[in-house]
Amino acid sequence: MKYFIVTFFILLTGCSDPLKDYLDNKYPPIDRREQQTKAINSLKKSMSNMDLPSVSIGVSLKEIENIISSDENLKRFIESVDISSDKQLLDISMNINTTLTQSDWSKNDEINKVLGGSEITVAAKLSVGVGIASEIEGNGSSSEYLSLRLVPVFDELKISSLKVKGKATEETDISKVGDSIAWILRRYSENVTGYINMLSFMKTKLSTNIIDSSNPSGIIKAKGDEALNMFVSLSSGDLSSPLKLGNVAFLIDENYLSAMIELIPTRSEYTPTVSKELGSYDDAKKLFSDTHEEVFGTKPNGSNMWVGLTKSSIALSTNSVVNQSKACFKVRSNIPTEKFKEKIDLPDETSIDCTSERDCRQDRDCNVSKSHDRRDCRACLLRRPWDGGCVQRGNDPFCEAAKAAQNAIYEADYAARKLDCERIKEQNRLVCEGEKATEKGLCEAGKEIVKRISRTGNVANIEGYIQGVANSNICFTNIGVSEDLSNINISLLLEGNAEIDGKLEIVPLDIVGHLVCQMPSNSTLDFDLSIPKHNQTAELDVEFKEDEGVFGLEFIVNEMVLPVRLSPSPTEWILTNLDLTLKCQGLNLIKPLIVAANPFVPELRGLSEHKQPKTTVFIPINLPEQEVGGNKVRSKLKVTNSAIFLISVKD
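Every position in the sequence shown, counted from 1, becomes a number in the numbering used here once 288 is added.
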C-alpha cells in the first residue's frame, strides 16, 4: 500500500519532486554514460602507462552466461541470462522466476516481522550494466596498492508477476504493486546506480607486493618411496617477492572480458617507459590487442577461459627466489642392493710424467734498508769576547768525525745483513732442489715398478655388492633459467656420505693374479663412501613436448662427473684383510709393489669419479578437472614462443 501512496504523492506534486531532491542529496545520480566513460578512461590510462605485461586472463561472454546459468545456487532465482557488451560495459539481462520463503529473510528481523511465514512468487526481468576500473595508488610508497572498482549501472527492473501467500491465506496477486515498484526504480534509476556505486564491496584494495618476506624452511619435509625410506627436508633463507603488481588493464569487447596484468621488478633501478597518448576507446582497444599479440604470441581470444604467463616472468621469478633462498635439501635414504664389478687397471708407464712442476726460484727480497747519519755539523768556530757574537762559522770537526764513524758502522751492518739474506736464499733454493730431485727419483722408481707389474698382466677384478644408508646435502648456490625457459644452469654445493656394508671378492686375472691368489677371496666389510664437499654445475635443456597424447616437460640433463672417496681404500683393504692374506699367499710378495703403485692409481687410493651419463627425463603435466559454476572444466596447456597458457577445453 505504501508504494501506491508514494506514487500518488509523486503524481500530485507534478514537476516538483521532493523525493527526487532527497535521493539526489543522499545518493547523487550517476548516469550510464558517466559510468561508461569512467571504465573507458581506466582502460586508456592503464594501457598508456603499461610497460610490459606478464599475465593474461580472459573469459568469453558466452562462458560467463554458462557459468551463471549452471550455478546451482543461482538456478533457483535466475531462469535465463543474456550478456552483451557496450564499450567497456557488460550489459546483463536476467529473467527472474523464483519463490521466496521465510528461510530467505529469516536473518532480517524487520522483514521477518512484516512477512513472517509468507511465500512470495516473483517473475521479473532485471537489466544492469557492469564495468571495471583499476588504478595504482600510493605513488611508489610502502603503502602502494592496486585499487579495483566495479562500475555499476542500474537500467531497469520489470516485474511481470508478483504474488504473495500467507500461512492462513490464499495466494494474492499484487502485480500492480510490482508495477509501481518497477516504475519508481525506473524513475530513480540514476539514484539507484549512485546507491550501488557507494556500496563497500564495489571497491577492493590489493597490496602491490605479491608476497611478503617469508622463509620456506620446513615446507618440504616428507617421506618419499617407502622402499628407500627416503626423508627430505628443506632449509632456506628469507625470501622477498622479485615482482610486484603494476598496471592492470581490463578490456570488454564484443566477445570477451580480458585483462593484462603488469608485474614490475621490485629492484630500485627499474624505470617505466614514457606514457603513450591514447585518444579514444578504439585506440586503447587496438593497443591492448597488439600488445597482447606481441608479448604473449597470440591474440586475446580463441578459448572460453584462459590464464597466461610470460616465460620471462617465470624465469625471473625462479632465478630470484632460488638465488635469494640459497635453499639446501637434506636427503636421507636407503641404498638398494647394487652389484658391481670393476677391474683394477694399472696405467701405462709412458703416461706417467715424473717431471716436477715445483718451482725452486726464491723470491726473498734481499734489498735490505741502509741507515745513514744525516746530522747537521755546522757550528760557530770563533766568537767575539766582548758580546759572544759569532765571527766565523764552519763544520765542527769533532761532529764530522763522530758522523763518519757512525756511518761506517751503518755500512758494515748493511753489508752483513745483505750477505746473510743471500745466504739463506741460496740455502732454501738448494733444499728445494734436493727435495725436487728426491721426488723425481721416487717417481721414477715407482714408474719402473708399475712397468714391471703391467708387463706381467692384470691383477684382478673386484666384484661384490653394496647396500646401506646414504645422507646427502644439496645446496643451490645459483640458478640461471633462460628467458625462453629452454635452458637451466644450476650451481650446486654437494656433500654426501654413505655407511656401506657388502661383499667384496677378488677374482685373480692373468699371470700375476693367479700367482698371487690360488683361490678367490671374498669377505663382508663395512666402509664409508663419501662425496667430498665441492661445487657442481648441472646443465639442463628443457622442452615442452607431447608424448603419446600426454603433454609435459622433457628435461635433458647433460653428463655430470662426481668425485667419490672410498674409506678404507682398496689398498688399505688389500694390505689388512686377513681372509685375502690367507687365500692369496703370494700377496706379501707384491704388497710393496701395490704400495709403490698407489700414488699412480687413484682407484687404489679410494678416489674415483662417478660419471652420470646424459639422461632424458619426461615429466607429464596432468591437469585435473576444475569445477566452475557447477560445471566440470577440463584444461590443457598451450605454449607459444613467449608465454604459457592454461586454457579451458570442452569435450
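Glycine included, each C-beta is placed from N, C-alpha and C at the ideal position.
For clarity, every value in this text was computed on a predicted model and none was experimentally measured.
Helix, strand or coil for Asn695, going by three-state DSSP, please let me know.
-> helix
Collapsed DSSP secondary structure at Lys926 in the structure displayed = strand
What did DSSP end up calling Ala327 once you bin it into helix, strand or coil?
-> helix
Simplified DSSP assignment, three categories, for Arg853 = strand
Between which two residues does the beta strand (DSSP E) containing Ala412 stretch?
-> Glu407 to Glu425
Determine, using beta-carbon pairs with one atom in the region 588-607 and one in the region 341-350, whether at least three such pairs fall under 8 Å.
-> yes
Give every residue of the same chain whose Cβ lies closer than 6 Å to the Cβ of Ser760, excluding the five residues on either side of it in the sequence, and list them in chain order.
-> Val619 and Gly784
Evaluate contact between the region 537-550 and the region 306-315, counting only Cβ atoms and requiring at least three cross-stretch pairs below 8 Å.
-> no
Following the continuous beta strand (DSSP E) through Asn683, name the residue where it begins and the one where it ends.
-> Cys678 to Asn683
Might you give, ordered along the chain, the residues of its own chain that have their beta carbon closer than 8 Å to the beta carbon of Ser1028, omitting 5 neighbours on each side?
-> Examination of residue 1028 is not possible in this model, given that the chain is present from 289 through 939 alone.
Kindly give me the distance between the Cβ atoms of Ile469 and Lys451, rounded to whole angstroms, as I take these residues to be in contact under 8 Å.
-> Contact doesn't hold; Cβ gap of about 14 Å is too wide.
Tell me whether Lys724 sits in a helix, a strand or coil according to DSSP, three-state version.
-> helix
Who are the Cβ neighbours of Glu322 in its own chain at under 6 Å, not counting the five residues just before and after it?
-> none
Mind checking Asn588: buried by the 16 CB within 10 Å criterion, or exposed?
-> Per the sequence shown, residue 588 should be read as Pro rather than Asn. That one is buried.
Alpha helix (DSSP H) containing Gly466: first to last residue?
-> Ser463 to Arg475
Report the residue ranges of all beta strand (DSSP E) runs contained in full by the region 537-581; include only those spanning at least 3 residues, in chain order.
-> 544-553
Taking the alpha-carbon positions, what's the Ile935 to Val439 distance?
-> 28 Å
Could you spell out where the alpha helix (DSSP H) holding Asp443 opens and where it closes?
-> Looking at the DSSP string, Asp443 is not in any alpha helix (DSSP H); the run it does join, the beta strand (DSSP E), is Tyr433 to Lys453.
So what does DSSP say about Gly596, is it helix, strand or coil?
-> strand
C-alpha distance - Asn479 paired with Thr389, whole-angstrom precision = 29 Å
Give the range of the beta strand (DSSP E) segment to which Glu842 is assigned.
-> Val838 to Val845
On the premise that Gln650 lies in contact with Lys713, defined as a C-beta separation below 8 Å, what is that separation, rounded to the nearest angstrom?
-> 5 Å
Helix, strand or coil for Glu458 per DSSP?
-> coil
Cβ-based neighbour list, Glu353, same chain, cut-off 6 Å, excluding 5 preceding and 5 following = Val369 and Ile371
Opposite Asp312 in the DSSP bridges: which residues?
-> Paired residues: none, contrary to the question.
Is the beta carbon of Asp816 sitting closer than 8 Å to the one on Ala786?
-> yes
DSSP bridge partner residues for Asp379 (one or two, in chain order) = Ser372 and Gly417
Would you kindly check if the distance between the Cβ of Arg663 and the Cβ of Cys945 is under 8 Å?
-> Since the first and last residues shown for the chain are 289 and 939, residue 945 lies out of range.
Buried or exposed by the 16-neighbour rule on C-beta atoms within 10 Å, applied to Pro530 = buried
Where Ala758 falls, given that 16 or more other Cβ within 10 Å makes a residue buried = buried
Arg681 versus Arg666, Glu645 and Thr606, residue with shortest Cα-Cα distance | Arg666
Reduced DSSP secondary structure (H/G/I, E/B, other) of Gly729 = helix
Just tell me which of Asn846, Val416 and Glu425 has its CA closest to the CA of Leu494.
-> Glu425
For the 8 Å Cβ check, are there 3 or more pairs between the region 698-709 and the region 651-660?
-> yes
Mind checking which residues open and close the beta strand (DSSP E) that includes Lys491?
-> Lys491 to Ser495
Alpha carbon of Ser357 to alpha carbon of Lys350, nearest angstrom = 10 Å
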